[in-house]
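K.L.:
Pasting in a structure now, in structure tokens, and then I'll have a few things to ask.
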Amino acid sequence: MQQYQKAKDLINRDKDILWHPYSTMPNNMPIFAVESASGSKIKLTDGTQLIDGMASWWCAIHGYNHPSINTAIVSQLQDMSHVMLGGLTHEPAVALAEELIELTPAKLDTVFYSDSGSVAVEVALKMAIQYWAASDKPGKHKFLTIRNGYHGDTFGAMSVCDPVTGMHSLFSGMLAKNLFAPQPRVRFSDEWDESDIYPLRQLLEQHHHEIAAIILEPVVQGAGGMWFYHPQYLKTVREYCNEYNVLLIADEIATGFGRTGRMFACEYAEISPDVMCLGKALTGGYMSFAATLASSEVADGISQQGSMPFMHGPTFMGNPLAATTALANIALLKSWDWETKVLQIQNQMEEELAPCREFTQVVSDVRVLGAIGVVELHEPVDMEFLTQEFVKRGVWIRPFGKLVYIMPPYIIELEELSRLTSAICEILRLLNE
Ligand SMILES: Cc1ncc(COP(=O)(O)O)c(C=O)c1O
Numbered sequence: 006m007q008q009y010q011k012a013k014d015l016i017n018r019d020k021d022i023l024w025h026p027y028s029t030m031p032n033n034m035p036i037f038a039v040e041s042a043s044g045s046k047i048k049l050t051d052g053t054q055l056i057d058g059m060a061s062w063w064c065a066i067h068g069y070n071h072p073s074i075n076t077a078i079v080s081q082l083q084d085m086s087h088v089m090l091g092g093l094t095h096e097p098a099v100a101l102a103e104e105l106i107e108l109t110p111a112k113l114d115t116v117f118y119s120d121s122g123s124v125a126v127e128v129a130l131k132m133a134i135q136y137w138a139a140s141d142k143p144g145k146h147k148f149l150t151i152r153n154g155y156h157g158d159t160f161g162a163m164s165v166c167d168p169v170t171g172m173h174s175l176f177s178g179m180l181a182k183n184l185f186a187p188q189p190r191v192r193f194s195d196e197w198d199e200s201d202i203y204p205l206r207q208l209l210e211q212h213h214h215e216i217a218a219i220i221l222e223p224v225v226q227g228a229g230g231m232w233f234y235h236p237q238y239l240k241t242v243r244e245y246c247n248e249y250n251v252l253l254i255a256d257e258i259a260t261g262f263g264r265t266g267r268m269f270a271c272e273y274a275e276i277s278p279d280v281m282c283l284g285k286a287l288t289g290g291y292m293s294f295a296a297t298l299a300s301s302e303v304a305d306g307i308s309q310q311g312s313m314p315f316m317h318g319p320t321f322m323g324n325p326l327a328a329t330t331a332l333a334n335i336a337l338l339k340s341w342d343w344e345t346k347v348l349q350i351q352n353q354m355e356e357e358l359a360p361c362r363e364f365t366q367v368v369s370d371v372r373v374l375g376a377i378g379v380v381e382l383h384e385p386v387d388m389e390f391l392t393q394e395f396v397k398r399g400v401w402i403r404p405f406g407k408l409v410y411i412m413p414p415y416i417i418e419l420e421e422l423s424r425l426t427s428a429i430c431e432i433l434r435l436l437n438e
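Per this note's numbering, residue 6 is the first one in the sequence shown, and the count goes up by one each step.
What follows is the structure, given as structure tokens:
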């Protein structure tokens with residue numbers, strides 16, 4: 006009873022003063038007070054245990070409160086939690102840069118740190134613009150992207166999000182006017198059909214002289230629709246970028262660090278982008294941190310004699326605590342056979358979510374790739390109702406739009422995963438009746 010009261014008090018204190026993501030004030034959506042989180046479980050203040058189906062939005066790949074990451078953070082804290090990167094350097098920043106260069110596809114040889122995924126995208130866009138400006142082609146300052154993409158909530162990032170599903174239509178008058186090709190329609194494992202990419206080629210033919218870069222989420226589009234498209238599309242984009250003298254920015258913020266079954270989704274197409282954005286799972290969900298990697302060609306282009314230095318430098322870039330956390334997270338990832346586990350998660354989700362296909366009144370599609378399981382509905386879901394129903398069943402799943410999806414921590418036990426999938430099947434069966 007005491008715990009229940011504690012949770013209620015916290016939620017009441019929160020209600021009038023704290024903004025939540027995409028919320029009104031006061032927040033009119035149900036929220037749940039969290040006491041602690043460990044492994045793949047979130048413990049609510051009222052004592053309820055929830056199995057985590059979200060990995061806190063793609064991040065907590067090793068679950069919460071992992072002993073080896075905790076130890077690394079505590080040890081780094083004894084040395085320093087932060088120093089500025091302007092004029093100073095330190096072991097965690099350099100070691101992480103070396104590690105990221107080693108881990109990512111070939112050609113990505115330089116690293117720019119920032120605080121969040123959206124800022125990593127801003128940095129990538131600015132790099133592309135500065136690269137062309139320094140190469141005497143200042144007219145190349147637009148971006149080409151594909152519909153249903155999502156790249157973040159800051160202004161540059163918003164300008165390359167889908168104008169409809171990207172959640173930013175309110176700001177359209179303020180945003181840079183970029184170019185949008187239709188969403189690729191050939192699915193990840195269907196037979197490739199070249200016509201899927203004709204519209205993008207057409208846009209390149211018409212506008213390449215004003216395009217700085219193509220930016221896209223490789224293979225998996227996340228928050229804009231949880232869609233898995235054919236790797237050949239990405240491979241062909243790379244070829245076109247070479248042909249039309251346009252840079253390629255791969256936004257691996259959601260897909261990076263194994264989520265799709267490969268360390269980076271670009272690997273499915275065996276391509277190297279010119280610029281790559283990383284965030285989310287970079288620190289295993291411990292803290293906000295991001296990186297933008299660029300090829301030496303881009304770095305040299307920006308830095309050539311007589312040009313301005315690269316015009317970005319966030320206060321907390323290269324934060325030692327965050328860099329150490331990322332290093333510990335990557336060391337952990339490399340220490341076990343996560344690929345086999347992600348494949349197991351994929352196979353199990355395919356099998357256990359398949360019954361949802363029969364709920365044809367409400368379900369339009371079921372798709373799974375790596376540790377991402379998606380059930381798409383015909384109509385937008387009642388998020389409030391569904392979230393509460395999931396919590397009643399002891400699982401943390403937060404649908405949005407028409408999508409009920411899970412992306413659990415890779416360390417989830419297979420019985421726990423079954424609890425997630427059976428909760429989804431059970432609720433959708435009820436909705437279908
Ligand atoms: C592909 C992609 N890019 C960028 C972002 C923005 O990252 P952040 O929320 O850390 O700013 C997101 C967030 O969901 C994302 O999925």
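All residues carry an ideal CB built from backbone N, CA and C; glycine is no exception.
In this text the structure is predicted, and so the values were computed from the model without any measurement.
How many angstroms separate the CA atom of Phe269 from the CA atom of Met412?
P.N.:
Looking up residue 269 in the sequence shown gives position 264. Looking up residue 412 in the sequence shown gives position 407. The straight-line gap from Cα to Cα measures roughly 16 Å.
K.L.:
By how many angstroms is the C-alpha of Val373 removed from the C-alpha of Glu357?
P.N.:
Against the sequence shown, residue 357 aligns to sequence position 352. Against the sequence shown, residue 373 aligns to sequence position 368. Their backbone Cα atoms lie some 11 Å apart in a straight line.
K.L.:
I'd like to confirm something about Trp62: is its beta-carbon nearer than 7 Å to some heavy atom of ligand 1, or not?
P.N.:
One-based indexing of the sequence shown puts residue 62 at position 57. True, at least one ligand heavy atom lies under 7 Å from that Cβ.
K.L.:
Can you give me the Cβ contacts of Ser423 inside the same chain, cut-off strictly under 7 Å, excluding the 5 residues immediately before and after it?
P.N.:
As a working note, residue 423 is residue 418 in the sequence shown. So the qualifying residues of the chain are Glu357.
K.L.:
Are the CB atoms of Leu49 and Val400 within a distance shorter than 8 Å?
P.N.:
Here residue 400 corresponds to residue number 395 of the sequence shown, with the count starting at 1. Here residue 49 corresponds to residue number 44 of the sequence shown, with the count starting at 1. Not a contact, by the Cβ cut-off of 8 Å.
K.L.:
Who are Met30's beta bridge partners in DSSP?
P.N.:
Here residue 30 refers to the residue found at position 25 of the sequence shown. Per DSSP, none; premise fails for Met30.
K.L.:
Output the distance between the C-alpha atoms of Met313 and Val126, rounded to the nearest integer angstrom.
P.N.:
Along the sequence shown, one-based indexing puts residue 313 at 308. Along the sequence shown, one-based indexing puts residue 126 at 121. Roughly 20 Å separates the two Cα atoms.
K.L.:
Confirm the yes/no value for this check: CB of Asp370, any heavy atom of ligand 1, distance under 7 Å.
P.N.:
Sequence index remark: in the sequence shown, residue 370 carries index 365 (1-based). No - ligand 1 has no heavy atom lying nearer than 7 Å to the Cβ of Asp370.
K.L.:
Note down, in chain order, each residue of its chain lying with its Cβ closer than 8 Å to the Cβ of Leu180, except the 5 sequence neighbours on either side.
P.N.:
Against the sequence shown, residue 180 aligns to sequence position 175. The residues are Phe160, Met163, Ser164, His173.
K.L.:
Please identify the residue among Gly263, Thr94, Asp19 whose C-alpha is closest to the C-alpha of Ile335.
P.N.:
Here residue 335 refers to the residue found at position 330 when the sequence shown is read from its first residue. Of the candidates Gly263, Thr94, Asp19, the one whose C-alpha sits nearest the C-alpha of Ile335 is Gly263.
K.L.:
Just to confirm the assignment, what range does the beta strand (DSSP E) spanning Asp84 have?
P.N.:
Counting from 1 along the sequence shown, the entry for residue 84 is found at position 79. Unbroken run through Asp84 is the alpha helix (DSSP H), 72-84; no beta strand (DSSP E).
K.L.:
Return yes when the Cβ of Val225 is within less than 8 Å of the Cβ of Thr260, no when it is not.
P.N.:
To locate residue 260, count along the sequence shown from 1; it is residue 255. To locate residue 225, count along the sequence shown from 1; it is residue 220. For Thr260 and Val225, yes; Cβs fall inside 8 Å.
K.L.:
Residues in its own chain within less than 6 Å of Ala42 by CB, not counting five upstream and five downstream?
P.N.:
As a working note, residue 42 is residue 37 in the sequence shown. Hits under 6 Å: Tyr69.
K.L.:
Where do the ends of the alpha helix (DSSP H) carrying Ala117 lie?
P.N.:
As a position in the sequence shown, residue 117 is number 112, starting the count at 1. A quick correction: the sequence has Phe, not Ala, at residue 117. Counting along the chain, Phe117 falls outside any alpha helix (DSSP H), though it belongs to the beta strand (DSSP E) covering 113-119.
K.L.:
Look up Thr94 in the DSSP assignment and say whether it is helix, strand or coil.
P.N.:
Taking the first residue of the sequence shown as 1, we reach residue 94 at position 89. In the structure shown, Thr94 sits in coil (DSSP, three-state: anything other than H, G, I, E or B).
K.L.:
Sort Leu298, Lys147, Val39, Val396 by Cα distance to Leu425 and report the nearest one.
P.N.:
Taking the first residue of the sequence shown as position 1, residue 425 is located at position 420. If we check each option's Cα against that of Leu425, Val396 comes out closest.
K.L.:
What did DSSP end up calling Val99 once you bin it into helix, strand or coil?
P.N.:
Position 94 of the sequence shown, counted from the start, is the residue given in the question as residue 99. Reduced to three states, the DSSP call for Val99 is helix.
K.L.:
Locate the alpha helix (DSSP H) running through Thr50, then write down its first and last residues.
P.N.:
Your numbering for residue 50 matches position 45 in the sequence shown. Neither: Thr50 is in no alpha helix (DSSP H) and is coded neither H nor E.
K.L.:
Between Ile416 and His87, is the Cβ-Cβ spacing less than 8 Å?
P.N.:
Position 411 of the sequence shown holds residue 416. Position 82 of the sequence shown holds residue 87. Not in contact: Ile416 and His87 (Cβ atoms no closer than 8 Å).
K.L.:
Apart from the five residues on each side of it in sequence, which residues of its chain come closer than 6 Å, Cβ to Cβ, to Arg362?
P.N.:
Taking the sequence shown and counting its residues from 1, one reaches residue 362 at position 357. Closer than 6 Å at the Cβ level, and outside the excluded window around Arg362, lie Val371.
K.L.:
In whole angstroms, give me the CA-to-CA distance for Pro35 and Glu389.
P.N.:
Counted from its first residue, the sequence shown places residue 35 at position 30. Counted from its first residue, the sequence shown places residue 389 at position 384. Distance between the alpha carbons of Pro35 and Glu389 is about 6 Å.
K.L.:
Is there at least one non-hydrogen atom of ligand 1 closer than 7 Å to the beta-carbon of Ala127?
P.N.:
Taking the first residue of the sequence shown as position 1, residue 127 is located at position 122. Checking the displayed sequence, the identity of residue 127 turns out to be Glu instead of Ala. It does not: the Cβ of Glu127 is nowhere closer than 7 Å to a heavy atom of ligand 1.
K.L.:
Looking at the secondary structure, which residues open and close the beta strand (DSSP E) in which Thr297 lies?
P.N.:
Against the sequence shown, residue 297 aligns to sequence position 292. 295-300 is the extent of the beta strand (DSSP E) around Thr297.
K.L.:
Are the CB atoms of Pro223 and Cys166 within a distance shorter than 8 Å?
P.N.:
Residue mapping note: residue 166 aligns to position 161 of the sequence shown, counting from 1. Residue mapping note: residue 223 aligns to position 218 of the sequence shown, counting from 1. For Cys166 and Pro223, no; Cβs fall outside 8 Å.
K.L.:
From Trp62 to Gln393, what distance separates their C-alpha atoms?
P.N.:
Residue numbering aside, residue 62 sits at position 57 when the sequence shown is read from its first letter. Residue numbering aside, residue 393 sits at position 388 when the sequence shown is read from its first letter. Each residue's Cα considered, the two are about 18 Å apart.
K.L.:
According to DSSP, simplified to helix, strand and coil, what is Gly306?
P.N.:
Within the sequence shown, residue 306 is the residue found at index 301, counting from 1. Helix, per DSSP.
K.L.:
I'd like to check one pair, Leu149 with Ile216: are the Cβ atoms closer than 8 Å?
P.N.:
Translated into the one-based positions of the sequence shown, residue 216 becomes position 211. Translated into the one-based positions of the sequence shown, residue 149 becomes position 144. Yes, these two residues count as a Cβ contact at 8 Å.
K.L.:
With DSSP run on the structure shown, which of helix, strand or coil describes Cys246?
P.N.:
On the sequence shown, position 241 is the one that residue 246 refers to. DSSP places Cys246 in helix when its eight states are reduced to three.
K.L.:
Below 8 Å on the Cβ atoms is my guess for Met132 versus Phe315; work out the distance and round it to an integer in Å.
P.N.:
For the purposes of this step, residue 132 is taken as residue 127 along the sequence shown, with counting starting at 1. For the purposes of this step, residue 315 is taken as residue 310 along the sequence shown, with counting starting at 1. Met132 to Phe315, Cβ: 7 Å. Contact.
K.L.:
Quick test of your reading: Ser177 and Pro168, contact by CB under 8 Å. State the CB separation rounded to the nearest angstrom.
P.N.:
For this step, residue 177 is matched to residue 172 along the sequence shown. For this step, residue 168 is matched to residue 163 along the sequence shown. Between Pro168 and Ser177 the Cβ distance is about 6 Å, and since that is below 8 Å, they are a contact.
K.L.:
For Arg372, which residues does DSSP report across the bridge?
P.N.:
The residue labelled residue 372 in the question sits at position 367 within the sequence shown. DSSP, once it has assigned bridges, lists Val379 as partnering Arg372.
K.L.:
Select from His212, Gly44, Asp21 the residue whose C-alpha is nearest the C-alpha of Asn33.
P.N.:
In the sequence shown, counting from the first residue as 1, residue 33 sits at position 28. If we check each option's Cα against that of Asn33, Asp21 comes out closest.
K.L.:
What do you get for Glu210, buried or exposed, if any count of 16 or more other CB atoms within 10 angstroms of its CB means buried?
P.N.:
Locating residue 210 in the sequence shown gives position 205, counting from the first residue. Glu210 is exposed by the Cβ-count criterion.
K.L.:
Is the number of C-beta pairs between the region 194-201 and the region 226-245 that are closer than 8 Å three or more?
P.N.:
Verdict: yes, contact present.
K.L.:
I'd like to know whether the C-beta atoms of Ser123 and Asp84 end up nearer to each other than 8 Å.
P.N.:
Against the sequence shown, residue 123 aligns to sequence position 118. Against the sequence shown, residue 84 aligns to sequence position 79. No, Cβ-Cβ distance for Ser123 and Asp84 is not below 8 Å.
K.L.:
Since I believe Ala60 is in contact with Ala38 (beta carbons under 8 Å), could you give me their beta-carbon distance rounded to a whole number of angstroms?
P.N.:
On the sequence shown, position 33 is the one that residue 38 refers to. On the sequence shown, position 55 is the one that residue 60 refers to. So it is not a contact: roughly 20 Å between Cβ atoms.
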